[in-house]
Structures are given as C-alpha cells and as structure tokens.
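Residue numbers (the working numbering): 1 to 59. Yeah, the Cβ is synthetic: ideal placement off N, Cα and C, and Gly gets one too. Only a predicted model underlies this, so the values are computations on that prediction, with no experimental measurement involved. See below for the structure under consideration.
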C-alpha cells in the first residue's frame, strides 16, 4: 500500500481520536482538547493535500 495513503489514514484516525476526546472532556480541559482537534485537523488537511497532489501528478 502507498505510504502516503497509510499516513493519511493514520492522520484521519488521530483526528477522530482527538474529536472523541474533546466530546468527553471536562470543561476545564475543553480548550486544550479543542486545540488538539485543530492541530490534528491541520495535519490531516496537509497530508491530504500532499496525497491528492501526488495522485494527480503524471507518473
């Protein structure tokens, strides 16, 4: 399997874990949990752009 696709799938899982953590976070920890979701989202978005770009380039 393509390594970039594996990294993309792993970042999607990390984003889902961060969201799940945020959904059950105590109010005092909600801001940190929301920050973790944003970091995971940005990471996944960057990996997705890299993967999509690599798939569009002629081989």
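Considering only 55, 22, 36 and 47, the residue with the shortest C-alpha distance to residue 10 is 47.
Exclusion of the five residues before and after residue 41 leaves 15 as the residues of its chain whose Cβ lies within less than 7 Å of its Cβ. Residue 51 sits away from residue 13, with the two beta carbons spaced by 9 Å or more.
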